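Chains as they are written, first to last, in the numbering used here: chain W, 1 to 435; chain Y, 436 to 870.
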């Protein structure tokens with residue numbers, strides 16, 4: 001039990017908590033927080049452990065709050081197009097339970113993460129270019145604060161100007177400001193028509209240029225993922241598939257039958273101008289799922305390029321005008337690396353990942369990966385980008401956070417101290433309390 | 436000068452600052468903040484004074500920072516679809532200056548407010564149902580903090596998971612946490628086609644039902660405004676127009692030529708099912724402008740229903756499933772009132788306003804208006820709504836804020852104290868520091 005909760009998808013060393021608790025209600029979470037506060041014991045919220053920056057590790061020990069028993073969909077409103085769930089509900093579970101309503105929850109970080117974890121890390125994924133991230137889609141949170149209060153951050157109204165935006169403050173706070181126990185999120189109508197496509201390019205410039213021009217012409221593209229040639233090689237090997245091993249764009253369009261056809265035609269034209277070729281289309285659900293499952297396997301397929309390895313995942317996000325340049329410079333850095341480094345990402349957002357494959361317990365590999373990531377972060381920051389588009393800070397990006405925010409980090413520290421004076425909430429994560 | 440800065444669009448008594456300063460740069464604002472802090476003097480940021488809850492009044496005196504000389508568009512990026520402006524740039528000025536790019540800034544609170552003021556109050560307006568509010572559209576802010584630091588709340592990347600969301604914390608903070616000096620916002624492609632329509636209904640239920648069903652079917656309606664019969668009467672008198680004096684829906688669709696036609700047909704069908712009749716369409720810019728100018732004049736037209744009056748504007752926002760009920764109960768309250776109270780609003784968001792027309796210096800009128808608003812706020816809160824959808828808290832809604840947020844108000848107070856320990860930033864607004 002403790003072993004299971006002492007690791008995540010990151011490369012950080014195993015760091016188990018002293019105890020794991022399984023509450024069923026917000027009130028039980030409050031009681032746990034009250035006990036921990038009295039004894040100055042760290043509290044680490046835990047969803048399903050798919051984070052990649054060490055968020056759920058317990059380097060200072062403490063009590064892990066596992067939300068697997070808080071897995072109820074509490075209410076759904078078709079008219080309001082929103083739903084309230086306990087923090088342990090996963091996104092696939094949610095979509096299964098609400099399918100009969102004709103609505104769906106679009107945020108898709110790949111892993112079947114919990115809504116609590118996705119809120120805490122400000123998750124996004126392939127649909128963000130159309131539907132936004134958790135930042136745009138959480139309407140309200142129920143939170144247990146360090147002093148044992150149960151608060152709701154907002155009502156269910158779609159918008160509000162009533163005071164400071166506590167919802168957005170807790171979204172992305174990674175368990176360091178309070179423990180999220182319930183989440184209310186927006187839902188969307190399942191589109192009447194969905195069309196997906198794959199298209200290859202001679203270079204990443206063509207793929208990225210296609211997406212930029214599409215967005216500028218106001219076409220409401222729903223997904224736009226670019227994968228490098230190395231990633232395509234990994235996918236072919238993993239799936240016994242035969243995609244061209246060239247930079248490739250995965251696209252999806254949502255709308256009415258007529259508007260999807262129109263969008264698809266316009267984008268096909270834009271892609272051709274940028275050297276796109278070999279369009280494969282899929283409209284039936286089973287065909288689309290097959291197409292997207294290849295994209296979703298990019299991460300695990302990548303790991304197989306160097307069997308037995310773990311990964312250091314980078315996560316920069318830059319203004320889209322700098323994306324081609326950022327990917328080009330990063331690709332030159334990849335060519336100099338001693339290991340394969342697949343590159344792929346959510347180009348409509350300016351966000352991409354490099355999966356640096358390192359051998360476990362190999363100090364040289366780890367040092368090389370860290371150097372690669374540090375250069376990449378510096379490159380992104382110089383381009384007005386961010387060190388993390390969707391993975392969060394956790395243990396791993398605190399120094400990058402300081403570089404990125406400069407003097408503004410003092411405000412984050414001030415908030416942390418005001419909300420958690422004893423530093424019991426996921427200590428050691430996000431904010432650099434010790435400079 | 437001081438007189439001009441001692442009032443806004445609200446009914447609150449005249450409260451001038453002790454001095455008004457006109458900085459040109461963020462550094463000058465910092466110098467002003469440093470002087471004020473040393474002398475413990477209140478600081479009140481001022482855009483163009485169109486707020487309606489006393490945000491810019493100076494009941495404790497102090498220095499008003501007028502942003503009219505910080506009115507430069509600093510940079511615009513067509514590829515990134517974003518722009519950075521000084522806080523004193525107004526939304527119409529911005530759209531004029533970027534028209535050549537093919538992009539536009541959609542947020543439209545009616546008044547030609549400044550981007551700084553709109554950020555500070557988390558403004559929205561008619562386009563929010565499609566494009567979101569300032570919450571969704573501010574990418575980054577430059578802020579002078581109470582201790583005289585100049586910070587940027589975020590880089591220009593479209594999304595980020597790098598630490599606490601300072602941008603969203605300052606959006607809607609109404610000058611109480613820092614002074615906003617520069618604003619970076621998202622832009623959108625000017626739609627290829629725009630179509631606007633007006634349609635009347637026997638009752639508000641039909642108008643609201645049309646909007647709900649349209650949203651549920653995933654039609655990306657761009658604007659959906661409902662106006663009551665009294666408001667229509669006011670508009671007819673003000674404009675010498677001849678609209679039916681019945682509940683009326685104003686609609687707008689954005690997209691490609693084909694998708695706008697498709698959307699319009701679908702909505703027309705939905706409206707007919709709900710008793711909608713007498714559709715008037717406008718697609719040419721001059722016709723659309725004429726149609727919308729009538730809607731935008733609703734507020735000033737309403738004032739003429741009782742000449743010489745000032746208004747108390749209500750601003751509740753409820754989950755859309757409760758909107759029909761909330762409007763029906765409010766309409767019964769309006770029937771009992773001694774003055775005309777037009778009702779209209781952004782029904783796609785669940786937000787509507789009542790303009791309670793009170794005679795200046797008439798205590799009975801003011802008491803009646805306050806009672807009406809208090810009942811309305813209580814009704815909205817009981818329906819999981821908010822006391823203010825877009826106007827903000829200012830001086831007027833602090834008690835409502837406490838009702839709405841309960842224990843969470845303590846977190847707002849903790850943030851205020853951490854950011855502004857001497858309470859020099861727009862004191863007396865938003866947070867109840869004295870219980």
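Built from N, CA and C at the ideal position, the CB exists for glycine as well. What you are looking at is a predicted structure, and each value in this text was computed from that prediction instead of being measured.
Proximity to residue 843 of chain Y [Cα-Cα], best of W:145, W:70, W:345 and W:108:
By 1-based counting over the second chain, the position of residue 843 of chain Y is 408. When each option's Cα is compared against that of residue 843 of chain Y, the closest is W:145.
Have a look at Y:485, Y:495 and Y:482 and flag the residue whose alpha-carbon is nearest the alpha-carbon of residue 475 of chain Y.
Within the second chain, numbered from 1, the residue matching residue 475 of chain Y stands at position 40. For residue 475 of chain Y, the nearest C-alpha among the options comes from Y:495.
Spatially closest choice to residue 398 of chain W from W:189, W:208, W:281 and W:434, by CA coordinates
In the first chain, the residue the question calls residue 398 of chain W occupies position 398. Here the closest residue by C-alpha is W:434.
Limits of the unbroken alpha helix (DSSP H) element including residue 471 of chain Y:
For the purposes of this step, residue 471 of chain Y is identified with residue 36 of the second chain, where counting begins at 1. Run containing residue 471 of chain Y: 461-473, per the alpha helix (DSSP H) assignment.
So residue 73 of chain W is in the beta strand (DSSP E); what residue range does that whole segment cover?
Along the first chain, one-based indexing puts residue 73 of chain W at 73. Counting along the chain, the beta strand (DSSP E) containing residue 73 of chain W begins and ends at 73-77.
Cβ pair residue 539 of chain Y, residue 630 of chain Y closer than 7 Å
To locate residue 539 of chain Y, count along the second chain from 1; it is residue 104. To locate residue 630 of chain Y, count along the second chain from 1; it is residue 195. No, they are not a contact pair.
Shorter than 7 Å from the beta carbon of residue 657 of chain Y to some beta carbon of chain W?
In the second chain, the residue the question calls residue 657 of chain Y occupies position 222. Output row for residue 657 of chain Y: interface = no.
The stretch 510-542 of chain Y: which residues have C-beta closer than 9 Å to a C-beta of chain W, in chain order?
512, 513, 514, 515, 516, 517, 537 and 538
Please classify residue 510 of chain Y as buried or exposed, where buried requires at least 16 other C-beta atoms within 10 Å of its C-beta.
Working through the second chain from its first residue, we reach residue 510 of chain Y at position 75. Classification for residue 510 of chain Y: exposed.
7 Å Cβ cutoff, residue 668 of chain Y in contact with chain W
As a first step, residue 668 of chain Y must be located in the second chain, where it is residue number 233. Taking Cβ atoms only, chain W never reaches closer than 7 Å to residue 668 of chain Y, which makes this a no.
Tell me, please, which residues DSSP counts as bridged to residue 877 of chain Y.
Residue 877 of chain Y is absent from the structure shown; chain Y starts at 436 and stops at 870.
Where residue 204 of chain W meets chain Y, residues with beta-carbon distance less than 7 Å
Here the question's residue 204 of chain W lines up with position 204 in the first chain. Correct list: empty, because the minimum Cβ distance to chain Y is about 16 Å.
For residue 393 of chain W and residue 429 of chain W, which I take to be in contact (beta-carbon distance under 8 Å), what is that distance rounded to the nearest angstrom?
If you number the first chain from 1, residue 393 of chain W lands on position 393. If you number the first chain from 1, residue 429 of chain W lands on position 429. At roughly 7 Å, the Cβ-Cβ gap stays under 8 Å, so residue 393 of chain W and residue 429 of chain W are in contact.
Spell out a yes or no on whether the stretch 119-126 of chain W and the stretch 161-175 of chain W are touching, meaning 3 or more CB-CB pairs, one atom from each, closer than 8 Å.
yes
Report back the beta-carbon spacing between residue 457 of chain W and residue 337 of chain W to the nearest angstrom; my notes put them in contact at under 8 Å.
The first residue shown for chain W is 1 and the last is 435, placing residue 457 of chain W beyond what the model contains.
Chain W contacts from the stretch 731-755 of chain Y (Cβ-Cβ distance under 9 Å)
750, 751, 752, 753, 754 and 755
What would DSSP say about residue 86 of chain W, mapped onto helix, strand or coil?
For the purposes of this step, residue 86 of chain W is taken as the residue at position 86 of the first chain. Looking at residue 86 of chain W - three-state DSSP - the assignment turns out to be strand.
Given residue 229 of chain W, which residues of its chain have a CB within under 7 Å of its CB, disregarding the five upstream and five downstream residues?
Indexing the first chain from 1 puts residue 229 of chain W at position 229. Closer than 7 Å at Cβ, skipping near neighbours: 245, 246 and 247.
Using a 10 Å radius around the Cβ and a threshold of 16 neighbouring Cβ atoms, would you call residue 786 of chain Y buried or exposed?
Position 351 of the second chain, counting from 1, holds the residue named residue 786 of chain Y. Its Cβ being crowded by 16 or more others within 10 Å, residue 786 of chain Y is buried.
Compute the distance between the beta-carbons of residue 167 of chain W and residue 154 of chain W, then report whether it is under 7 Å.
Position 167 of the first chain, counting from 1, holds the residue named residue 167 of chain W. Position 154 of the first chain, counting from 1, holds the residue named residue 154 of chain W. Taking 7 Å as the Cβ cut-off, residue 167 of chain W and residue 154 of chain W qualify as a contacting pair.
Under the three-state DSSP convention, the category residue 351 of chain W falls into:
Locating residue 351 of chain W in the first chain gives position 351, counting from the first residue. Reduced to three states, the DSSP call for residue 351 of chain W is strand.
Got a sec: is the Cβ-Cβ distance from residue 594 of chain Y to anything in chain W below 7 Å?
Start at 1 with the first residue of the second chain, and residue 594 of chain Y comes out as number 159. Interface residue, yes.
In chain order, what residues of the stretch 583-613 of chain Y put their CB closer than 7 Å to some CB of chain W?
584, 586, 587, 588, 590, 591, 592, 593, 594, 595, 596, 597, 598, 599, 600, 601, 603, 604, 606, 607 and 608
Cβ of residue 260 of chain W within 7 Å of any chain Y Cβ
Within the first chain, numbered from 1, the residue matching residue 260 of chain W stands at position 260. No, residue 260 of chain W lies away from the interface with chain Y (no Cβ there is under 7 Å from its Cβ).
When the Cα atoms are used, what is the spatial distance from residue 846 of chain Y to residue 419 of chain W?
The residue given as residue 846 of chain Y occupies position 411 in the second chain. The residue given as residue 419 of chain W occupies position 419 in the first chain. Going by the C-alpha atoms only, they are around 7 Å apart.
Give the C-beta separation of residue 441 of chain Y and residue 493 of chain Y to the nearest angstrom, bearing in mind that I take them to be a contact with Cβ-Cβ under 8 Å.
One-based indexing of the second chain puts residue 441 of chain Y at position 6. One-based indexing of the second chain puts residue 493 of chain Y at position 58. That belief holds up - the Cβ atoms of residue 441 of chain Y and residue 493 of chain Y are roughly 6 Å apart, short of 8 Å.
In chain Y, what lies closer than 7 Å to residue 186 of chain W by C-beta?
In the first chain, counting from the first residue as 1, residue 186 of chain W sits at position 186. Correct list: empty, because the minimum Cβ distance to chain Y is about 11 Å.
Considering only residues of the same chain and omitting the five flanking positions on each side of residue 706 of chain Y, which have a CB-CB separation below 6 Å?
The count along the second chain starts at 1 and reaches residue 706 of chain Y at position 271. Only 634 and 645 meet the Cβ criterion.
Less than 7 Å separating the beta-carbons of residue 110 of chain W and residue 405 of chain W?
Along the first chain, read from residue 1 onward, the residue named residue 110 of chain W stands at position 110. Along the first chain, read from residue 1 onward, the residue named residue 405 of chain W stands at position 405. No, the Cβ-Cβ distance between residue 110 of chain W and residue 405 of chain W is not below 7 Å.
How should residue 488 of chain Y be labelled, buried or exposed, when 16 other C-beta atoms within 10 angstroms of its C-beta is the threshold for buried?
Locating residue 488 of chain Y in the second chain gives position 53, counting from the first residue. The residue in question, residue 488 of chain Y, is buried, as its Cβ has 16 or more Cβ neighbours within 10 Å.
Classify residue 458 of chain Y: buried if its beta carbon has 16 or more other beta carbons within 10 angstroms, exposed otherwise.
Along the second chain, read from residue 1 onward, the residue named residue 458 of chain Y stands at position 23. Counting Cβ neighbours within 10 Å, residue 458 of chain Y comes out buried, since at least 16 surround it.
Return the chain-ordered list of same chain residues with a C-beta closer than 8 Å to the C-beta of residue 623 of chain Y, the five sequence neighbours on each side being excluded.
As a working note, residue 623 of chain Y is residue 188 in the second chain. Result list for residue 623 of chain Y: 516, 538, 539, 540, 541 and 566, in chain order.
Considering just the uninterrupted stretch of the alpha helix (DSSP H) at residue 647 of chain Y, what are its terminal residues?
As a first step, residue 647 of chain Y is located in the second chain; it is residue number 212 there, counting from the start. Counting along the chain, the alpha helix (DSSP H) containing residue 647 of chain Y begins and ends at 639-651.
Whole-angstrom Cβ separation of residue 161 of chain W and residue 823 of chain Y, contact assumed at under 8 Å?
As a working note, residue 161 of chain W is residue 161 in the first chain. As a working note, residue 823 of chain Y is residue 388 in the second chain. Between residue 823 of chain Y and residue 161 of chain W the Cβ distance is about 5 Å, and since that is below 8 Å, they are a contact.
What's the call for residue 367 of chain W, buried or exposed, on a 16-neighbour Cβ count within 10 Å?
On the first chain, position 367 is the one that residue 367 of chain W refers to. Counting Cβ neighbours within 10 Å, residue 367 of chain W comes out exposed, since fewer than 16 surround it.
8 Å contact criterion, which residue 821 of chain Y and residue 157 of chain W should meet: CB distance rounded
As a position in the second chain, residue 821 of chain Y is number 386, starting the count at 1. As a position in the first chain, residue 157 of chain W is number 157, starting the count at 1. Contact holds; Cβ gap of about 4 Å.
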